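What follows is a short report on a single structure.
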Amino acid sequence: MKQVFCRPKSMTKNIFHYCAGCGHSIVHRLIAEVIDELGIRGIAIGVPPAGCAVLAYNYLDIDMIEAQHGRGPATATGVKRVLPDRVVFSYQGDGDLAAIGTAESFHAANRGENITVIFINNAVYGMTGGQMAPTSILGQRTTTSPAGRAALLDGHPVRVSEIFSQLPGTAYIERCMVNSPAAILKTRKAIRKAFQCQIDGRGFSLVEILSPCPTNWKMTPIDSCRWIDEVMCKEFPLGVMKDVPAVEQNEGG
1 MKQVFCRPKS MTKNIFHYCA GCGHSIVHRL IAEVIDELGI RGIAIGVPPA GCAVLAYNYL
61 DIDMIEAQHG RGPATATGVK RVLPDRVVFS YQGDGDLAAI GTAESFHAAN RGENITVIFI
121 NNAVYGMTGG QMAPTSILGQ RTTTSPAGRA ALLDGHPVRV SEIFSQLPGT AYIERCMVNS
181 PAAILKTRKA IRKAFQCQID GRGFSLVEIL SPCPTNWKMT PIDSCRWIDE VMCKEFPLGV
241 MKDVPAVEQN EGG
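Okay, so the sequence shown: first residue is 1 according to the working numbering, each after it adds one.
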C-alpha cells in the first residue's frame, strides 16, 4: 500500500506542549513539510521567539538559534549575512514582532534583508496570561482590557502585513489562517512561496497567520476557529498584500 501521509523528516517525535486547539503545532508541521519538499533541511536555520513558541527548537529537526525577545529579524539578518547560502527564517508572535520587536522587524523589512518571517497573529499575549496585544481587536476582552479594547485608550489593532507591504525592501507579504483544512493548505502554499522567495534572492518575505488561541480567548477550539472567520478576518483581511516579481525586485535594489 502506498503511504500518502507521514511525519515530516524535519519534525522531531517530541510531544507538543501547546494548549488544545492552538495553531502553533499546525504551523510547525507546515514549515517542516515545506522544508522537506524544498530539500533544504541541511541549510535551513530557524530563529524561535520569546513566547509560546520559545521551544520550537524541540519540534523542528533543523539548525535553530534562539533570539532575545523581539530580536528575531536582527538575529536572522546576522546569520543570513554571514551564511548567505542558508535559508533563514524567524518565527514570531504578535508581541515578539509587533511590540518589543517592532524596530528590528520594521527595519529588516525596509532594508530588504533576504530572510523569511513567519508571523503568528492570535490577537493576544498567549504565554504570559492573555494580556492585550498590539493586534487585539477593538472590543476584545483580555486580562488587561477586561471591558474590551478601546480605541481612545488603547489605540487600534496594528495591521503588520499592510504596513510592511508599503516598504520598498519587502518582496512577498501574505496573510493566511489555520482554522480549517482548506485554510491550512493555502497557508502551506504561502510558506513555501515565502521560502522560495528567499531562495531566489528576492528579499524580505513575511507570512502572517491568523491562529486560534482557545485558552486565552476563553473559547472551545471549534468556537475559536469560528471566531477567526467571523471576527478576525474582518479586521485582518486575508490575501496577498505584496508579491514583487523577481526581475522588478532586482532592478529596484
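In this text, a Cβ means the ideal position worked out from N, Cα and C, and glycines have one as well.
It should be emphasised that the depicted structure is a prediction, and the values quoted were computed from it without experimental measurement.
Beta-carbon separation (whole angstroms), residue i vs residue j, contact threshold 8 angstroms
i: Arg141; j: Gly148; result: 5 angstroms
i: Thr228; j: Asn179; result: Checking the sequence shown, residue 228 turns out to be Ile, not Thr. About 4 angstroms separates the two Cβ atoms, so the contact holds.
i: Ala67; j: Thr75; result: 4 angstroms
i: Ile62; j: Ala44; result: 5 angstroms
i: Ala53; j: Met64; result: That pair is no contact at about 11 angstroms.
i: Gly169; j: Arg86; result: Their Cβ separation, rounded to whole angstroms, is 19 angstroms, which puts Gly169 and Arg86 out of contact at 8 angstroms.
i: Tyr91; j: Pro49; result: 6 angstroms
i: Gly126; j: Gly21; result: Not a contact, Cβ separation roughly 12 angstroms.
Residue i burial status per 10 Å Cβ neighbour count (16 or more: buried)
i: Asn114; result: buried
i: Glu230; result: exposed
i: Phe236; result: buried
i: Ser10; result: buried
i: Asn122; result: buried
i: Ile40; result: buried
i: Phe89; result: buried
i: Gly253; result: Low per-residue confidence applies at Gly253: pLDDT is 49, beneath 50, and the placement is therefore not dependable, though the value from the model is reported in the following sentence. Result: exposed.
i: Phe164; result: buried
i: Arg29; result: buried
i: Lys2; result: exposed
i: Cys6; result: exposed
i: Ile31; result: buried
i: Gly239; result: exposed
i: Glu37; result: exposed
Option nearest residue i by Cα separation, candidates the options
i: Leu60; options: Arg188, Val82, Ile209 and Gly46; result: Gly46
i: Ala109; options: Ala99, Gly126, Pro73 and Val87; result: Pro73
i: Gly93; options: Arg86, Gly70 and Val4; result: Gly70
i: Ile137; options: Pro49, Asp154, Thr128 and Met127; result: Asp154
i: Ile184; options: Met1, Val34, Asp200 and Ile15; result: Val34
i: Pro157; options: Gln166, Thr143 and Thr135; result: Thr135
i: Cys197; options: Thr116, Lys13, Gly21 and Gln131; result: Thr116
i: Pro245; options: Arg81, Gly201, Ala98 and Met232; result: Gly201
i: Thr256; options: Ala151, Pro146, Val82 and Ser161; result: Outside the shown range of the chain, which is 1 to 253, sits residue 256, and nothing can be said about it.
Residue-level contact to chain B via CB, residue i, 7 angstroms cutoff
i: Ala123; result: The structure shown has no chain B; it contains just one protein chain.
Subject >> Start-end ranges of the beta strand (DSSP E) lying completely within the region 62–133, minimum 3 residues >> reply: 87–93 and 116–121
Original post:
Do three or more CB pairs link the region 200–214 to the region 169–178 at distances below 8 angstroms?
Top reply: yes
Original post:
Is the region 182–194 in contact with the region 215–224, if contact means three or more CB pairs nearer than 8 angstroms?
Top reply: no
**OP:** Identify every run of the beta strand (DSSP E) within the region 173–233, keeping only runs that are complete inside it and at least 3 residues long; order them along the chain.
**Re:** 204–210
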